[in-house]
Amino acid sequence: MFSHPRMHDSLWFASASPAPKTAPLDGDRTVDVAIIGAGFTGCSAALHLAEKGVKTIVLEAQDIGFGGSGRNAGLVNAGLWLDPDDVVKTIGPDYGERLMAELGNGPSLVSDMIAKHGIQCDDVRKGVIKAGHSPSGQAHLEEHARQWQRRGANIEVIDRKRIVDMTGTERYVGGIISTAAITSNR
Ligand SMILES: Cc1cc2nc3c(=O)[nH]c(=O)nc-3n(C[C@H](O)[C@H](O)[C@H](O)COP(=O)(O)OP(=O)(O)OC[C@H]3O[C@@H](n4cnc5c(N)ncnc54)[C@H](O)[C@@H]3O)c2cc1C
Numbered sequence: 679m680f681s682h683p684r685m686h687d688s689l690w691f692a693s694a695s696p697a698p699k700t701a702p703l704d705g706d707r708t709v710d711v712a713i714i715g716a717g718f719t720g721c722s723a724a725l726h727l728a729e730k731g732v733k734t735i736v737l738e739a740q741d742i743g744f745g746g747s748g749r750n751a752g753l754v755n756a757g758l759w760l761d762p763d764d765v766v767k768t769i770g771p772d773y774g775e776r777l778m779a780e781l782g783n784g785p786s787l788v789s790d791m792i793a794k795h796g797i798q799c800d801d802v803r804k805g806v807i808k809a810g811h812s813p814s815g816q817a818h819l820e821e822h823a824r825q826w827q828r829r830g831a832n833i834e835v836i837d838r839k840r841i842v843d844m845t846g847t848e849r850y851v852g853g854i855i856s857t858a859a860i861t862s863n864r
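Adding 678 to a residue's 1-based position in the sequence shown gives its number in our numbering.
Put into structure tokens, the structure is as follows:
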């Protein structure tokens, strides 16, 4: 494996502990599952398969985390930017509510994996604020929060005073905070 120069633009790459040593594929391998790409999806799939005793190999063309996984904002959010009711309307109640439940549980799943495997990723579970930049934006956020609250999520509306105290800026009229979300202290 080699380091592509563009990876050095990534905060995570620059500040993370060194990745485990890997070697190029040097011949044929017989496995139950071959996974192409060592991002979050490939690594998580490989880990879960290996835990079940499935013989698995991960093949990565560049470096572990070379794609979106090594270059994102580092937020493990409990849900999507889309409103849950819209997702349910679009894909139907069965799959929609199942998807929302899985997404709502995402940070807990990640948190459990971090603890179980002692993953050193500087995780912080203090939540994520979505800030309302206008009264209509805030109204939309409050509706978003209500839809998640109906599904049992830990998400609360914060008023102008509280968001000023929390962020130090007077730019926002309010916001919502999802306390389940994980961020990094980098
Ligand atoms: C700017 C930005 C900010 C984001 N912020 C967030 C955020 O805050 N929170 C969040 O949840 N999501 C965020 N995302 C989305 C998130 O990063 C991606 O959804 C996630 O990383 C996708 O992971 P992945 O493993 O599916 O793909 P990737 O991480 O892209 O991994 C794919 C891997 O496959 C490799 N590959 C491709 N083709 C081949 C091949 N033929 N052979 C071998 N290897 C191959 C690539 O090199 C790469 O390493 C953000 C994305 C971006 C771009």
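The beta-carbon is built from N, C-alpha and C at its ideal position, and this holds for glycine as well. Predicted, not measured: the structure shown is a model, and the values here were computed from it.
Alpha-carbon spacing of residue i relative to residue j, whole angstroms
{"i": "residue 759", "j": "residue 826", "result": "12 Å"}
{"i": "residue 700", "j": "residue 741", "result": "9 Å"}
{"i": "residue 723", "j": "residue 761", "result": "27 Å"}
{"i": "residue 818", "j": "residue 771", "result": "22 Å"}
{"i": "residue 837", "j": "residue 697", "result": "42 Å"}
{"i": "residue 862", "j": "residue 843", "result": "21 Å"}
{"i": "residue 794", "j": "residue 858", "result": "18 Å"}
{"i": "residue 679", "j": "residue 748", "result": "Low local confidence applies: a pLDDT of 47 at residue 679 is under 50, so the model's placement there is unreliable, and no value is given."}
{"i": "residue 713", "j": "residue 729", "result": "15 Å"}
{"i": "residue 851", "j": "residue 805", "result": "19 Å"}
Residues bridged to residue i [DSSP beta-bridge criterion]
{"i": "residue 734", "result": "711"}
{"i": "residue 754", "result": "860"}
Any non-hydrogen atom of ligand 3 closer than 7 Å to residue i Cβ
{"i": "residue 714", "result": "Absent from the structure shown: ligand 3. Ligands present: ligand 1."}
For residue i, the nearest candidate out of the options (CA to CA)
{"i": "residue 738", "options": "705, 709, 716", "result": "716"}
{"i": "residue 833", "options": "773, 734, 799, 782", "result": "782"}
Residue i: CB within 7 Å of a non-hydrogen atom of ligand 1
{"i": "residue 782", "result": "no"}
{"i": "residue 824", "result": "no"}
{"i": "residue 834", "result": "no"}
{"i": "residue 803", "result": "no"}
{"i": "residue 863", "result": "no"}
{"i": "residue 700", "result": "no"}
{"i": "residue 745", "result": "yes"}
For this session: May I have a chain-ordered list of the alpha helix (DSSP H) segments no shorter than 4 residues that lie completely inside the stretch 816–855?
Result: Counting only runs of 4+ residues, the alpha helix (DSSP H) found wholly inside the stretch 816–855 occupies 838–845, in chain order.
Exercise. At what residue ranges does the stretch 769–814 contain a whole run of the beta strand (DSSP E), taking only runs of 3 or more?
Worked result: 806–810
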